[in-house]
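What follows is a set of notes on a single structure, which appears directly below.
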Amino acid sequence: MKLNRASLKDQALAVIRESMLSGEIRPGETYSAAGMAARLGTSNGPVREAMLTLVEQGIMQVVPNVGFQVTPLTEDDLAEIYELRVMLEVPAMRRLAEQGIDGRDEQPRRHAEACARAAANGDVKAFITADRDFHLVLLDLVGNARLAKIVANLRDQTRLYGLNLAGAEKLRASAAELTELVDALVGRDPDRAERVMTSHLAQVRQEWAPPEQTPESSPQVARSPVAG
930 MKLNRASLKD QALAVIRESM LSGEIRPGET YSAAGMAARL GTSNGPVREA MLTLVEQGIM
990 QVVPNVGFQV TPLTEDDLAE IYELRVMLEV PAMRRLAEQG IDGRDEQPRR HAEACARAAA
1050 NGDVKAFITA DRDFHLVLLD LVGNARLAKI VANLRDQTRL YGLNLAGAEK LRASAAELTE
1110 LVDALVGRDP DRAERVMTSH LAQVRQEWAP PEQTPESSPQ VARSPVAG
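Each number in the numbering used here comes from the position in the sequence shown (counting from 1) with 929 added on.
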């Protein structure tokens, strides 16, 4: 894939993220900005800037004098990210339901429908992209740009985990929750919105965990507000 001259850093960033999701860029392997730039047909500068952006977000790390690696996450890291998302996103959806999204539900519904199509097709990568767009659109409606940015970073740190565990049935169930969440927001039902968002995050956390360490069995997650 070749890049256009406009917004080279942003384009490089998008391609690198896509390569992570597809498994082309894998944790544990080292990648140089020069090598990646050669593949993309651009200069080193924009690619290096894109990789450093991912370093700032905690998604990649610098290997001195060599290049960059995807940052590995431990079970404790995943538990902490999950707890942060519960603390931020559940109250945000409750607040949004209290405010209501009258006349502003078209875009989140469109992303929810994209998730449903991806789930029906078993397309995990397309599902992840649409799911991210869905949640960030809702956070934009809350009206707190810093909140949206923090949650986007937390989501991106964990999107590589659990991809092989997310079967078609789980994807369909998750897509159905997105539609239910929009219905709760349109209906100004904060209790329902809180319940659906809590359930949604708990399911996502279960997909991150290894088979022997699910939210029901993990001591770290058992301390979180929504476990059990």
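Don't be surprised by glycine CBs; every beta carbon is placed ideally from N, CA and C.
Asked	Found
Supposed close pair M1022, M1126 - CB separation, criterion 8 Å	4 Å
Buried versus exposed call for Q990 [16 or more other C-beta atoms within 10 Å across all chains shown]	exposed
Nearest-angstrom Cα separation, counted from I1030 out to L1070	8 Å
Nearest neighbour of M949, chosen from A1081, E1098 and K1054 [CA to CA]	K1054
Local Cβ density within 10 Å of R955, reported as buried at 16 or more and exposed below that	exposed
Residues near T959 by beta carbon distance below 6 Å, same chain, minus five either side	V992, V995, G996 and Q998
A967 versus G974 - alpha carbon distance	12 Å
For Q1028, the three-state DSSP class (helix, strand or coil)	helix
Enclosing alpha helix (DSSP H) for Q986 [first to last residue]	Run containing Q986: none; DSSP gives neither H nor E here.
Three-way DSSP call (helix, strand, coil) for T1125 in this model	It should be noted that the sequence gives Val, not Thr, for residue 1125. V1125 falls in the helix class under three-state DSSP.
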